[in-house]
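In this text, residue positions in the sequence shown follow this note's numbering: the first is 598, and each later residue adds one.
From the three backbone atoms N, C-alpha and C, an ideal C-beta is built for every residue, glycine too.
Inspection log for the structure reproduced underneath, given as structure tokens.
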Amino acid sequence: VGPSGVDESFIGALHYGNGAMAQISSAFRTPWYTHFDVMGTEGRLVMTRPFTGTEGEERRLTFVGVDDAALELAVPEQELYAGEVEDMNDAILTGRPPYIGLNETRDHVRTVLALYESARRGERVFVEEMVA
598 VGPSGVDESF IGALHYGNGA MAQISSAFRT PWYTHFDVMG TEGRLVMTRP FTGTEGEERR
658 LTFVGVDDAA LELAVPEQEL YAGEVEDMND AILTGRPPYI GLNETRDHVR TVLALYESAR
718 RGERVFVEEM VA
């Protein structure tokens, strides 16, 4: 936690019931370095500049297979969160369920709460322990 009371960095590991694992890190002290990697059994996805509105390199999404062959995937440039707003608008107007429902949203909050609680305790915390 920095002088302002805001977390300046966070590192965590998520272990899933099916054996999958995710490692996350986030920091405000590493400017101009935003990307994500998702690794799986068939390759990995690499995205540069996942958040719009930042200057720097061009936004790219690349799938790299286990054979190291790279395939560039198209990523539309749009305002951050515009897709979520459009989806919610469409759900309201048509009556269909939103793409991300309330239960999934609560699970996202529980996951973040579990990460913070685990950091506070210094031990593994289960998402099911969290109330959102």
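Length of the line joining the Cα atoms of A610 and G662: 24 Å
Could you check which residue in E605, T708, M618 has the C-alpha nearest to that of A624? E605
Taking the continuous beta strand (DSSP E) assigned at T645, which residues delimit it? 640-645
Grab the span of the beta strand (DSSP E) containing L611 for me, first residue to last. 606-612
How many angstroms separate the CA atom of R707 from the CA atom of N700? 10 Å
For the candidate residues A679, D664, L658, whose alpha-carbon lies nearest to that of L642? It is L658.
Hey, how far is the Cα of Y713 from the Cα of F648? 23 Å
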